[in-house]
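Adding 141 to a residue's 1-based position in the sequence shown gives its number in this note's numbering.
Positions of the beta carbon are idealized from the N, C-alpha and C atoms, including for glycine.
Report on one structure; see the data block that follows.
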Amino acid sequence: MWLFARPDVEKLKAKHDVTGLIKALDYKRDVLVRSSAADALGKIGDPRAVEPLSTALRDEDRDVRGCAAWALMKIGPPALEPLIAALKDEDSSVRWSAAHALGGMGDARAVEPLIAALKDEHSSVRFSAAGALGEIGDARAVEPLSGALKDEDSSVREAAAKALDRFGV
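Next comes the structure, spelled out in structure tokens:
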């Protein structure tokens, strides 16, 4: 825990100080420190950051959550399971971020959980899941995305249509 000085994220990043950046990720007094630390950890890509970044997906600040999801996406395969688990988080913004990050990873192992997310109670999560499935491009998503064309929310229908267009459907 930081007792006095605000962590210098740029210095920590320059040194590739993953431990220091993980500590900065928990600096409650400054949102910018936390979001910058998450961003830096994503750029470094060290798998040791997966667990702390997974925790940061539940940060009180939306920007921190978004940076944490982006960082997990950049870390890649070691972050796959935590992002899939985050699709079941009670907070819809965490589920949205996780779906978005999984799409960016492009890993076909996320297809089935993303298909399940097409039935989420929140349209923003369904929207993000449809987009992610389009990015991954796995044929298993065609039928569920076709069903999403009938979603009550127009943004979900549009995302499903764009995703299907990537399949040439």
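Contact belief for residue i with residue j at Cβ below 8 Å, rounded distance in angstroms
| i | j | result |
| --- | --- | --- |
| Val-235 | Arg-206 | 6 Å |
| Asp-180 | Ala-212 | 7 Å |
| Gly-244 | Ala-273 | 3 Å |
C-alpha gap between residue i and residue j, whole angstroms
| i | j | result |
| --- | --- | --- |
| Asp-294 | Ser-287 | 14 Å |
| Lys-215 | Pro-188 | 10 Å |
| Ala-302 | Val-191 | 33 Å |
| Asp-230 | Glu-151 | 31 Å |
| Leu-198 | Ala-210 | 7 Å |
| Ala-242 | Ala-227 | 11 Å |
| Glu-299 | Gly-278 | 16 Å |
| Lys-154 | Lys-164 | 12 Å |
| Pro-285 | Asp-261 | 13 Å |
| Glu-222 | Leu-259 | 18 Å |
| Ser-176 | Leu-162 | 10 Å |
| Val-297 | Ser-264 | 7 Å |
| Gly-275 | Gly-217 | 18 Å |
| Ala-271 | Trp-237 | 11 Å |
| Arg-267 | Pro-193 | 26 Å |
| Ala-289 | Gly-186 | 34 Å |
Outcome for residue i when other beta-carbon atoms lying within 10 angstroms are tallied against a minimum of 16
| i | result |
| --- | --- |
| Ala-146 | exposed |
| Gly-309 | exposed |
| Arg-170 | exposed |
| Asp-306 | exposed |
| Lys-313 | In the structure as shown, the chain begins at 142 and stops at 310. Residue 313 is therefore absent and cannot be evaluated. |
| Thr-160 | exposed |
| Ala-251 | buried |
Reference residue i, options the options, closest by Cα
| i | options | result |
| --- | --- | --- |
| Thr-196 | Ile-185, Leu-173, Asp-232 and Lys-184 | Asp-232 |
| Pro-254 | Gly-186, Gly-183 and Ala-239 | Ala-239 |
| Cys-208 | Val-159, Ser-265 and Gly-183 | Gly-183 |
| Lys-156 | Val-172, Ala-178 and Leu-173 | Ala-178 |
| Leu-173 | Thr-160, Gly-186, Pro-148 and Ile-185 | Pro-148 |
| Pro-219 | Met-246, Asp-158 and His-241 | Met-246 |
| Ile-225 | Asp-200, Ala-257 and Glu-201 | Ala-257 |
| Glu-201 | Asp-167, Glu-222 and Ile-163 | Asp-167 |
| Ala-280 | Ala-304, Ser-264, His-263 and Arg-267 | Ala-304 |
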